[in-house]
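Trainee: The structure is given below, and queries will be raised subsequently.
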Amino acid sequence: MTALLLVRRVPPGRLDLTRTTAQQWNDGLARDATLQWWELVDPAAEDGQPAAALAAVRPDDAVVRLAGLATPPGRRDRAVQVLLALVDALRATSARTLEAAPSSELLTILREVGFRPGADGREVVEL
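In structure tokens, the structure reads:
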């Protein structure tokens with residue numbers, strides 16, 4: 713049976729675990745202390761269980777900038793899942809747009825989730 717996964721903003725008590733997990737999957741992202749982290753988790757799992765996937769953003773009032781995604785190797789499906797859930801979660805905030813400056817690898821995932829070309833080579837999705 714597959715566990716139900718949900719996205720949530722990483723609680724302060726899980727930030728160390730989140731950074732450790734991100735370091736294993738995307739070392740550059742893990743070193744940036746200014747990021748806001750979101751995690752895809754099984755809500756019934758133990759607190760020490762790492763997230764299934766991570767998204768890191770730079771929030772602002774109206775525009776949230778995606779800094780990157782961190783997933784286990786070979787789990788593109790988790791990248792799509794965390795990004796879809798992040799878009800849904802951000803719709804409940806004051807943010808109006810989520811934007812990303814994608815790599816070629818990330819571009820296909822962004823397009824699958826509904827991002828479209830925006831200004832300056834960025835991809836955007838309206839919330």
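Heads up, my numbering is the position in the sequence shown plus 712, with the first residue counted as 1. Every residue, glycine too, gets a C-beta built ideally from N, C-alpha and C.
If you follow the beta strand (DSSP E) that glycine 780 is in, where does it begin and where does it stop?
Mentor: Element bounds for glycine 780: 775 to 782.
Trainee: Under 8 Å, with one C-beta from each stretch per pair, do the stretch 753 to 760 and the stretch 794 to 811 reach the 3-pair mark?
Mentor: No, because fewer than three Cβ pairs between the stretch 753 to 760 and the stretch 794 to 811 fall closer than 8 Å, the two stretches do not touch.
Trainee: To which residues of the same chain is glycine 830 closer than 7 Å at the C-beta, ignoring the five residues directly before and after it?
Mentor: Excluding positions up to five away in sequence, the list reads Glu811, Val836.
Trainee: Taking the DSSP output, what are the residues bridged to glutamine 748?
Mentor: According to DSSP, which records beta bridges pairwise, glutamine 748 is partnered with Val769.
Trainee: At what residues does the beta strand (DSSP E) containing alanine 797 begin and finish?
Mentor: No beta strand (DSSP E) holds alanine 797; the alpha helix (DSSP H) holding it covers 788 to 802.
Trainee: Put valine 808 into one of helix, strand or coil per three-state DSSP.
Mentor: At residue 808 the sequence reads arginine, which differs from the valine that was named. Reduced to three states, the DSSP call for arginine 808 is coil.
Trainee: Measuring alpha carbon to alpha carbon, tell me which of Ala715, Gly780, Arg720, Arg770 ends up nearest glutamine 735.
Mentor: Nearest of Ala715, Gly780, Arg720, Arg770 to glutamine 735, Cα basis: Gly780.
Trainee: With distances taken from CA atoms, which of Leu741, Arg808, Ala813, Leu822 is nearest alanine 782?
Mentor: Considering only alpha carbons, the answer is Leu741.
Trainee: Given a cut-off of 8 Å, decide if alanine 807 and alanine 768 are closer than it, judged by their beta-carbon atoms.
Mentor: Not closer than 8 Å, so no.
Trainee: Per DSSP, which residues does arginine 828 bridge with? Please list them.
Mentor: DSSP output for arginine 828 lists Val836 as bridge partner(s).
Trainee: Apart from the five residues on each side of it in sequence, which residues of its chain come closer than 6 Å, Cβ to Cβ, to tryptophan 750?
Mentor: Excluding positions up to five away in sequence, the list reads Val719, Arg721, Ala767, Leu798.
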